[in-house]
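Colleague:
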Amino acid sequence: MNLLSYNCQGLGNDPAVVKLKKLLRREDAEVVVLQETKLSGREMEAVTGRLDGYEGLYGDSIGKKAGVAILWRSDLSVALVSSSAHHIDVEIEGLFSCNKWRLTGFYGWADNERKHLSWELLREIRGFSNLPWMVIGDFNQILFEGEKKGGAPRAQSEMNDFRKTMDDCNPTDLGYIGNPFTWWNKRGEPDDIVERLDRAIVSPEWVELFPSFMLHHLARDSSDHIPIKVMRQHNGTRGKKRQYKFEDMWTSSETCEGVIRDAWGNDGSTVMGLTVISKIEKCARDLMAWSRTEFGDIGRRLCEARKRMMFLDKCNPTAEMVQERRRLCAEVDSLVAQEETY
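Just so you know, we're using the UniProt record's numbering here: the sequence shown kicks off at 1 and counts up by one.
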């Protein structure tokens, strides 16, 4: 089971919704916390309706600013505690364990003169429940100087205010695995700035309940923010066989039906004496081989581009790396568009 958090920077257009749908599928997200939806609750209901198998609760945007949401697969139990344009607070059962715990999706104020509202909000909602607690999202603030590279230094008073709030509310930073920065201004040298704005903070009770869970920083795409994912951290890794999935884009090809008929048997009878299970496996193999010829191996190319972007994110950026990263962003956008077009 995975919990995803993502500053989607608006869901008011089809490409953004398609991008979110593919992200949820790729990361197998049971729950996703969204920031900057820039939509009303009614508009978010329509978006959720396009995401198969998800339900949602929403904090309305203020015009085309802010807006948060929590979406979950329908087999989970989720109850609303409170919400606003900058947070949504729920009690959840069935995610990671059968125990009930508290999840807050958070979007901090970006304007320096209003950042105090972020900390006032956290202090206010802290007292709503004594359940194990996680706050996850885009805080629009760093805790320490090392969480920013490039540009003018953050004011020490701003970081102190964030740390003081952490002390008052008693959560701890969950840490992370992966690229140390979650936001990039995409300007390139000498104006390149990266920061760790997205994070998860948890109460001691949450850590005690879920000691083996960690936060992973995922691959960056064309957005300013990377998605972050909470998942169980295994001691060892084992190779995982790729799971077969029928791709929607296959149905756009006139030859798809023929591949299925040939693999299954035109008259519904057995093919060379194969059992039903064997025929299904043969059909899957034939479809995947046909897809590579018909569409190209889009999935593999996307995976390779994202892996290269993650590597570049870990390096001290040079002008050449910034240019390569821009090229990779364009390549990822193009490949995702091809998936949707097909």
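All residues carry an ideal CB built from backbone N, CA and C; glycine is no exception.
All of these numbers come straight from a predicted model, not from anything done at the bench.
#1: Taking P227 as the reference, give the member of I125, M159, Y6 with the closest Cα.
#2: Under 7 angstroms Cβ to Cβ from M309, same chain only, skipping five residues before and after it: list those, please.
#3: With a Cβ-Cβ cutoff of 8 angstroms, do V322 and D224 count as a contact?
#4: Is R123 closer than 8 angstroms to D161 when the C-beta atoms are compared?
#5: Quick check: what's the CA-CA separation for G265 versus T255?
#6: Closer than 6 angstroms by C-beta to residue 343: which residues in its own chain qualify, once you throw out the five before and the five after it? Chain order, please.
#7: Return the chain-ordered ranges of every alpha helix (DSSP H) run that is complete within the region 26 to 88 and spans a minimum of 4 residues.
#8: Report the three-state DSSP secondary structure of W109 (helix, strand or coil).
#9: Return the CA-CA distance between E147 and W183, expressed in angstroms with no decimal places.
#10: Would DSSP call S334 helix, strand or coil?
#11: To which residues does DSSP link E147 through a beta bridge?
#12: Taking the alpha carbon of H87 as the point to measure from, which residue in G94, R102, R73 has its own alpha carbon closest?
#13: In three-state DSSP terms, what is K164?
#14: Out of I136, G53, L57, state which residue places its alpha-carbon closest to the alpha-carbon of S74.
#15: What distance in whole Å lies between the Cβ atoms of M159 and residue 372, which are believed to be in contact at a cut-off of 8 angstroms?
#16: Spatial neighbours of N99 within its chain, please: CB distance less than 7 angstroms, with the 5 preceding and 5 following residues excluded, ordered by chain position.
#17: Compute the Euclidean distance between the alpha carbons of E281 and R163, then round it to the nearest angstrom.
#18: Got a sec? Which residues, its chain only, sit under 7 angstroms from M44 by beta carbon, not counting five neighbours each side?
#19: Among N130, E120, L131, whose alpha-carbon lies nearest the alpha-carbon of M166?
#20: Excluding the 5 residues flanking G105 on each side, which residues of the same chain have their C-beta closer than 6 angstroms to its C-beta?
#21: Can you tell me whether D14 is buried or exposed? The criterion is at least 16 other CB atoms within 10 Å of its CB, across all chains shown.
#22: When the Cα of G127 is compared with those of G94, N170, D286, which residue comes out closest?
#23: Looking at L11 and L24, is the spacing between their C-beta atoms short of 8 angstroms?
#24: Could you check where the alpha helix (DSSP H) with R232 kicks off and where it finishes?
#25: What do you get for N130, buried or exposed, if any count of 16 or more other CB atoms within 10 angstroms of its CB means buried?
#26: Among R50, S77, G175, whose alpha-carbon lies nearest the alpha-carbon of Q233?
#27: Go to D262, then tell me how far its alpha helix (DSSP H) extends in each direction, as first and last residue.
#28: With distances taken Cα to Cα, identify the nearest neighbour of L287 among S61, R196, F246.
#29: Determine the contact status of F139 and G178, defining contact as a CB-CB distance below 8 angstroms.
#30: The beta strand (DSSP E) spanning W206 covers which residue range?
#31: Check whether the Cβ atoms of V194 and K149 lie closer than 8 angstroms to each other.
#32: Roughly how many whole angstroms lie between the Cα atoms of residue 372 and R199?
Modeller: A quick look at the data gives this:
#1: Y6
#2: The beta carbon of M309 lies closer than 7 angstroms to those of A219, R220, R325, L328 in the same chain, with the five residues before and after it left out.
#3: No, Cβ-Cβ distance for V322 and D224 is not below 8 angstroms.
#4: no
#5: Taking the straight line from one Cα to the other gives about 15 angstroms.
#6: Here the chain comprises residues numbered 1 to 342, so residue 343 is not present and cannot be evaluated.
#7: Listed in chain order, the complete alpha helix (DSSP H) runs (minimum 4 residues) inside the region 26 to 88 are 41 to 49.
#8: Reduced to three states, the DSSP call for W109 is coil.
#9: 10 angstroms
#10: Here S334 sits in helix by DSSP.
#11: In the DSSP output, where bridge partners are listed per residue, E147 has none listed.
#12: R102
#13: helix
#14: G53
#15: Beyond the ends of the chain as shown, which are 1 and 342, falls residue 372; an answer cannot be given.
#16: L209
#17: Approximately 55 angstroms, taken between the alpha carbons.
#18: Excluding sequence neighbours, M44 sits near T37, G56, Y58, A69.
#19: E120
#20: Sequence-distant Cβ neighbours of G105 in its own chain, meaning closer than 6 angstroms and more than five residues away, are V33, V68, I70, I88, G137.
#21: exposed
#22: N170
#23: No, these two residues do not count as a Cβ contact at 8 angstroms.
#24: First-last for R232: 228 to 232, but that is the beta strand (DSSP E), not the alpha helix (DSSP H).
#25: Answer is exposed; the Cβ neighbour count stays below 16.
#26: The shortest C-alpha to C-alpha distance from Q233 to any of R50, S77, G175 is the one to G175.
#27: 256 to 264
#28: When each option's Cα is compared against that of L287, the closest is F246.
#29: Not closer than 8 angstroms, so no.
#30: It is not in any beta strand (DSSP E) - W206 instead sits in the alpha helix (DSSP H) that spans 204 to 209.
#31: yes
#32: Summary: the structure shown does not reach residue 372, with the chain confined to residues 1 through 342, and so no result is reported for it.
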